[in-house]
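I have placed the structure first, in the form of structure tokens, so that the comments after it can refer back to it.
2 protein chains.
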Amino acid sequence: MLTDIEIADQATMEPIAKIAEKIGLSEDDIEQYGKYKAKLNLPLKKNDNKKHKLVLVTSINPTPAGEGKSTVLVGLGDALNKLNHQTIIAMREPSMGPVFGIKGGATGGGYSQVVPMEDINLHFTGDLHALTSANNTLAALVDNYIMRDNELGLDPRRIIWKRVEDVNDRALRNVVTGLGGVMQGIPRETGFDITAASELMAILCLSTDLMDLKRRVGRIVVGYTHDKVPVTVSQLGFEDAITILLKDAIKPNLVQTLDHTPTIIHGGPFANIAHGCNSVLATQAAMNLADYTVTESGFGADLGAEKFLDIKRRVLGKTPDAMVIVATVRALEYNGGAELAALKNENLPELKKGMANLNRHIKNMQRFGIPLVVAINHFVTDTDAEIKMIEDNCRALGVNVVIADAWAKGGDGTLDLAKEVVKLADQPSEFHELYTLDQTPEEKIRTIATQVYGAKDVSFSNKAKKQLRQFTEFGWNDLPVCIAKTQYSFTDDKNQLGAPEGFTFHIRELVPKLGAGFIVALAGNMMTMPGLGKTPAAVNMTIDENGTIKGLF
Amino acid sequence: MLTDIEIADQATMEPIAKIAEKIGLSEDDIEQYGKYKAKLNLPLKKNDNKKHKLVLVTSINPTPAGEGKSTVLVGLGDALNKLNHQTIIAMREPSMGPVFGIKGGATGGGYSQVVPMEDINLHFTGDLHALTSANNTLAALVDNYIMRDNELGLDPRRIIWKRVEDVNDRALRNVVTGLGGVMQGIPRETGFDITAASELMAILCLSTDLMDLKRRVGRIVVGYTHDKVPVTVSQLGFEDAITILLKDAIKPNLVQTLDHTPTIIHGGPFANIAHGCNSVLATQAAMNLADYTVTESGFGADLGAEKFLDIKRRVLGKTPDAMVIVATVRALEYNGGAELAALKNENLPELKKGMANLNRHIKNMQRFGIPLVVAINHFVTDTDAEIKMIEDNCRALGVNVVIADAWAKGGDGTLDLAKEVVKLADQPSEFHELYTLDQTPEEKIRTIATQVYGAKDVSFSNKAKKQLRQFTEFGWNDLPVCIAKTQYSFTDDKNQLGAPEGFTFHIRELVPKLGAGFIVALAGNMMTMPGLGKTPAAVNMTIDENGTIKGLF
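Protein chains in written order, with this note's numbering: chain D, 99 to 651; chain W, 99 to 651.
In structure tokens, the structure reads:
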């Protein structure tokens, strides 16, 4: 069996100018980065003669068994085009740091991949590097400000703006900077996050144009004064310089699938600490030019889809016309208690138990009123009995199940799913908002925790309670809430698989992300800077005189 | 009078594919980054029917008055092409960090500029970002290594590999990393340099191909064991991963001047802590395809040209056919003691005194045996008497003086210089090496200090003396030496202008840069991470809804 990179290497790509032409873009509408990558110039072009349908692909809670959401997404895009439904895929761009830690890319798999995969998984068009530069330039400007006149009285102990890197570097999680004497800055404790976890990444993904990005950058709270008054970037006058550094990064990137489906890859915010969706501009660019736009959200539907519908949707101004929930037999069995090593066998009792996870996601999404389908990402070890059990279970909830074989067969393995999606997207539907913006952050958090996660109650730490009062005072209550919790469970405990009930959901701390336009509610300790393992993937990589890379994926 | 950015904005650029075509490169030989930038694919193409002449542009010691070396370089390239001598310019790529600190770019000025200047001075084609990523990935791998088994026994207190950023961030000069507990790494003191000061930048600039780069990365000494034995990247097995991150950055970048002269901009190592020349591959790419290649070296001839001739030349395998020493009346008068505010006046006594600086550079370069000319970068305040004084002075040394008016007139202002350069490059000449590689580092340092700087003696600190003994033991003696000293003076004291004599030159410490392939000898405290000023340029920058930037230059 070929590996993902071997399959990708065998692909014949079309020149990106040709892919652009297919969706009505001329050479003046794009900026080429090599022959197979391009940025889309702003303002985005729009073709009014298209259907502009939007399909959101989400999944059950991720497990070590693998779900293959991106693979199904890519396969679905290819299949829709095969059926002559003109389709563009919109997806997140990968973070480079993890590539050198744990082997594996983020551009689909098998015959459902986006290419050129090496480029996309490494520097790509430099978006993450631009974000890193912009983030750290802001940090340097803030540190320079406090060692100069510091007219606003920023408290060095209360600066919340951290530096970032697109490297898995645990040694930078907690650092002391500004050491070395009077001319070397003000010593203080701080740390580095990975770039994908930065507020600037979230801002890039929620901005509707360059001036919206500048306004959002201006609203960032970098810290507090000695009197605990928040200080924003616009008070310091740095928003133009930071925006200058992001003027190209804001433009969505065009690539293609192995089957030449136009794919817009742009922005990759974390789905726990941030909202986990590709950029609004990427989705908009695709919708503007296609009959069908298929896009994804991060992790399971409890995190990614909820944030898509409660955060991104409000900026995008468009509700998905259909949704796909991806699951695998293996992952459902794992959720039901099966051991990882046993997943190749038929495990009907565990499957039955684990289906509770899928069912809660289905009910959660049905509650929003969007037509949906369950896609079973097919593995050769799946048995007829297992498939039938899932089908029977979903039918009882009024949802169809379609088998998708995107990895092995590409778009040909996803035609049934494409047909079902087209049918669903044409159905009339009515969207039901989960919460309104005029609710308090506490109410919003309670609504998400009880109605989506299935919590019985929500507890707030003393710190969080105090912050709720402060945020009211600062006038920040009308923002949506972005809950940062483990992706593995509906609860705040990663070991509680399936569909736990009767639990209390714990909010430890709130973090204002005024530039992004949401309040982060931390439930547990979120990892915002990954580390490297005992044997990092980097150790086994090779590159030869022809530039051929091995061990990258 | 228009500013540099206004002049640049008015330019009509030719598509980069057309520029490439002019020098015999097809679309398959380049990788476009937008319409006006491209990378040259490796291996480099060569046209055997060209003259392959190389011209090195250097200058007197820099002063606050400004010399305009890059401006003259660009004007000279344009002028040579105007005279139908097919010419390519090779120059360094700017560092982005300083752009947000002190207003000013590094792509020439006035009508002798390289474009697109905004792009080149900001993210360009991502080379510096790739270097930053590679450098910091290596740092993360090393820190991860010491917190794991650490089989080689690397001493956390003796790790010399620092992290880098392309940001002016003084607060990162001295930091403590790895704080936060057992799972967050090993606490240790370290710091960040600016990317241009990194060994990887020097390596990129001295590599002849991808495998040479990999070998050099493998030779980097990251630190020492508890037994003080050096540990290299290849012992840790990380050289392939780091090389993968630099596989595109190693390719030279093609842009153009305002007058459409093909310009290869690639690599920008510091000229004090490193060797200060654009990449060997950039110079090679230009020489392969042109009759005349004009290139530069950093700061004054004592630093940049010496390192070009003693370090880069050995890798490039080519000695310049002619040299240009750029000076200004203003800078010479400043060297002779004139006040900055008085430079608009005629200052003949100060000029006479300051000419000692020019004269020592002339004699130093004549010693190498390369034909040379002095170019006076013209200012409107220059008087005939001042020019005549310089001409008479240089004639006595057997060197012609040519007035260059590159800023105001572009290539048209540099035609005389071009004619002189062509004449010089056709003269027979014999190159005299300053030192041979079999001399000890101490001998090499003494040779440079006494024969180039004019020092009477060299003193070594106790630490440096100990290191000289260690390096002999480690077998590092056959490397060239890269002296890190102030650019403002021949001495190690930046206030000693002109041409000081009878001084002792102090070597504080040695730093092995085995990947780059030289031993750095530190004379004084070198700034390897710049800071931001009281009012950083960033504060006065603006960007509007059309993406128009003001205040960047």
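The beta-carbon is built from N, C-alpha and C at its ideal position, and this holds for glycine as well. Treat the numbers as computed from the prediction; the structure is a model and nothing was measured.
In terms of DSSP beta bridges, what is residue i paired with?
i: W/Gly206; result: W/Gln211
i: D/His604; result: D/Ser557
i: D/Tyr322; result: D/Pro328
i: D/Ala420; result: D/Val153
i: W/Arg286; result: W/Thr275
i: W/Ser395; result: W/Cys375
i: W/Phe466; result: Paired residues: none, contrary to the question.
i: W/Cys580; result: W/Val618
Taking Cβ-Cβ distances shorter than 9 angstroms, what residues in chain W pair up with residue i?
i: D/Glu112; result: Ordered by position in chain W, no residue passes the 9 angstroms Cβ test against D/Glu112, which lies about 15 angstroms from the chain.
i: D/Asn266; result: Thr235, Ala238 and Asn242
i: D/Leu308; result: Ile641, Asp642, Glu643, Asn644 and Gly645
Does the Cβ of residue i have 16 or more other Cβ atoms within 10 Å, making it buried, or fewer, making it exposed?
i: W/Phe529; result: exposed
i: W/Met72; result: With chain W covering only 99 through 651, there is no way to say anything about residue 72 of chain W.
i: W/Asp247; result: exposed
i: D/Ile255; result: Note that residue 255 of chain D is Arg in the sequence shown here, rather than Ile. Per the 10 Å Cβ criterion, exposed.
i: W/Gln525; result: exposed
i: D/Met627; result: buried
i: W/Ala494; result: exposed
i: D/Ser587; result: buried
i: W/Pro598; result: buried
i: D/Ser557; result: exposed
i: W/Pro610; result: buried
i: D/Asp536; result: exposed
i: W/Val280; result: exposed
i: W/Gln211; result: buried
i: D/Ala483; result: exposed
i: D/Asp590; result: buried
i: W/Thr479; result: exposed
Tell me which same chain residues have a C-beta within less than 8 angstroms of the C-beta of residue i, skipping the five on either side of it?
i: D/Tyr115; result: What sits at residue 115 of chain D in the sequence shown is Ala, not Tyr. These residues qualify, in order along the chain: Glu125, Ile128, Gln130 and Ala136.
i: W/Lys451; result: Asn433, Gly434, Gly435 and Gly596
i: W/Ala439; result: none
i: D/His221; result: Met194 and His227
i: D/Leu532; result: Glu404, Leu407, Asp408, Arg465, Phe466, Thr545, Ile546, Gln549 and Val550
i: D/Leu334; result: Leu239, Val240, Tyr243, Leu250 and Val320
i: W/Pro162; result: Tyr432 and Leu438
i: D/Pro447; result: Gly434
i: W/Phe397; result: Ser157, Asn159, Pro160, Ala369, Asn370, Gly374 and Gln585
i: D/Val331; result: Leu236, Val315, Gly316, Arg317, Ile318, Val320, Glu337, Ile340 and Gly613
Strictly below 7 angstroms CB to CB, what residues from chain W border residue i?
i: D/Pro196; result: The contacting residues do not exist; D/Pro196 stays about 11 angstroms from chain W at best.
i: D/Ala228; result: His221
i: D/Asp338; result: Met639, Thr640 and Ile641
i: D/Arg271; result: Gly278 and Gln282
i: D/Gly335; result: Val637
i: D/Lys345; result: Ile641 and Gly645
Please list, in chain order, all residues of the same chain as residue i whose beta carbon is under 6 angstroms from its beta carbon, the five residues on each side excluded.
i: W/Ile117; result: Gln354 and Pro360
i: D/Arg268; result: Gly629
i: D/Asn145; result: Gly122 and Leu387
i: W/Gln184; result: Ala388 and Asp389
Leaving aside the five residues before and after residue i along the sequence, list all residues of the same chain whose C-beta is less than 7 angstroms from its C-beta, in chain order.
i: D/Ser296; result: Leu229, Asn233 and Val262
i: W/Glu518; result: Val471, Asn498 and Val500
i: D/Gly511; result: Gly173, Ala502, Asp503 and Ala504
i: D/Glu489; result: Val499
List, in order along the chain, the chain W residues whose C-beta lies closer than 8 angstroms to that of residue i?
i: D/Lys312; result: Ile641
Chain W contacts made by the segment 479 to 511 of chain D, where a contact means CB separation under 7 angstroms = Residues of the segment 479 to 511 of chain D whose Cβ lies closer than 7 angstroms to any Cβ of chain W: none.
Determine which residues of the segment 318 to 330 of chain W have a Cβ less than 9 angstroms from any Cβ of chain D, and write them out in chain order.
-> none
Identify each residue in the segment 611 to 640 of chain D for which the Cβ-Cβ distance to at least one residue of chain A is less than 9 angstroms, and report them in chain order. Protein chains D and W are contained in the structure displayed, whereas chain A is not.
With 7 angstroms as the limit, tell me which residues of the segment 238 to 258 of chain W have their beta carbon closer than that to any beta carbon of chain D; keep them in chain order.
Answer set for the segment 238 to 258 of chain W: Ala238, Leu239, Asp241, Asn242 and Arg246.
*Residues of the segment 354 to 371 of chain D whose Cβ lies closer than 8 angstroms to any Cβ of chain W, in chain order*: Along the segment 354 to 371 of chain D, there is no position whose C-beta sits under 8 angstroms from a C-beta of chain W.
Residues in the segment 199 to 217 of chain D having any Cβ partner in chain W nearer than 7 angstroms: none
Which residues, in order along the segment 127 to 141 of chain W, keep a beta-carbon less than 9 angstroms from a beta-carbon of chain D? Glu129, Gln130, Tyr131, Gly132, Lys133, Lys137 and Leu140
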